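Numbering (the numbering used here), first residue to last: 41 to 177. Even for Gly, the Cβ is constructed at its ideal location relative to N, Cα and C. All figures in this text were calculated on a predicted structure; none of them were measured in a lab. Notes for the one structure printed next.
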Amino acid sequence: PVFLCEDIGPAQSEVVCRLLKEAVKPPFVEQFVQAIIAPDVASGRWGEQQVAILQQAINRKLTLSAPVVLALLEHAAASSERLKQSLKFAKFLLVLVQRYAADIAPHADLALSIAQKSETFMKGPLCKAIGEAAKRR
């Protein structure tokens with residue numbers, strides 16, 4: 041429920057990130073990611089704090105299925121306009137593309153449309169990583 045609060049603060053985000061990093065085992069982190077992208081739960085309105093939590097989750101090197109990766113990408117697309125100046129969001133996308141390149145490749149057009157909205161210095165490296173993932177198809 042904390043993840044879904046649009047006005048989650050840095051303190052709550054930090055607690056969730058620490059739990060994901062130090063206390064929660066990988067299978068439960070995977071379940072957490074699946075739960076927050078479920079259609080009946082997810083609002084598609086991520087903010088900086090939600091991105092930080094997701095970044096911490098995928099830093100655990102999870103084994104996510106292709107549909108889960110696609111859902112993350114779709115939610116990222118829904119939030120891309122409001123987070124276009126967010127360095128955290130750009131870093132999250134870069135890690136997502138690098139870790140799950142095979143699952144991102146069929147959706148490279150969607151990933152590229154998200155990356156092109158970025159107004160951070162990560163735009164170039166992000167577009168390049170997506171291009172490299174697309175070549176692996």
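Inset, instruction - Tell me whether Gln142 is buried or exposed, calling it buried when 16 or more other Cβ atoms sit within 10 Å of its Cβ. - result: Taking the sequence shown and counting its residues from 1, one reaches residue 142 at position 102. Here residue 142 is Ala; the residue named in the question, Gln, does not match the sequence. It is exposed - the Cβ of Ala142 has fewer than 16 other Cβ atoms within 10 Å.
Legend entry - Limits of the unbroken alpha helix (DSSP H) element including His147: Here residue 147 corresponds to residue number 107 of the sequence shown, with the count starting at 1. Neither: His147 is in no alpha helix (DSSP H) and is coded neither H nor E.
Legend entry - Simplified DSSP state of Ile76, which is helix, strand or coil: Mapped onto the sequence shown, residue 76 falls at position 36. Reduced to three states, the DSSP call for Ile76 is helix.
Inset, instruction - Return the CA-CA distance between Ile76 and Thr103, expressed in angstroms with no decimal places. - result: Along the sequence shown, one-based indexing puts residue 76 at 36. Along the sequence shown, one-based indexing puts residue 103 at 63. Rounded to the nearest angstrom, the two C-alpha atoms are 16 Å apart.
Legend entry - As assigned by DSSP and simplified to three states, the class of Leu123: As a working mapping, residue 123 is identified with position 83 in the sequence shown. If DSSP states are grouped into helix, strand and coil, Leu123 belongs with coil.
Legend entry - Local conformation of Gln19 per DSSP, three classes: Since the displayed the chain opens at 41 and closes at 177, residue 19 lies outside it and no answer follows.
Inset, instruction - Could you spell out where the alpha helix (DSSP H) holding Lys163 opens and where it closes? - result: The residue you call residue 163 lines up with position 123 of the sequence shown. Start and end: Lys163 to Lys175.
Inset, instruction - Tell whether a beta-carbon distance below 7 Å holds between Ile48 and Gln89. - result: In the sequence shown, the residue the question calls residue 48 occupies position 8. In the sequence shown, the residue the question calls residue 89 occupies position 49. Here Ile48 is near Gln89, since their CB atoms are less than 7 Å apart.
Legend entry - Option in Val69, Gly87 and Glu121 with minimal Cα separation from Asn99: Here residue 99 refers to the residue found at position 59 when the sequence shown is read from its first residue. Looking at the Cα atoms, Val69 is the closest of the given residues.
Inset, instruction - Would you check if there are 3 or more beta carbon pairs closer than 8 Å linking the stretch 104–115 to the stretch 59–69? - result: Verdict: no, contact absent.
Inset, instruction - Check Ser53 in the structure and name its three-state DSSP category. - result: Sequence index remark: in the sequence shown, residue 53 carries index 13 (1-based). Ser53 falls in the helix class under three-state DSSP.
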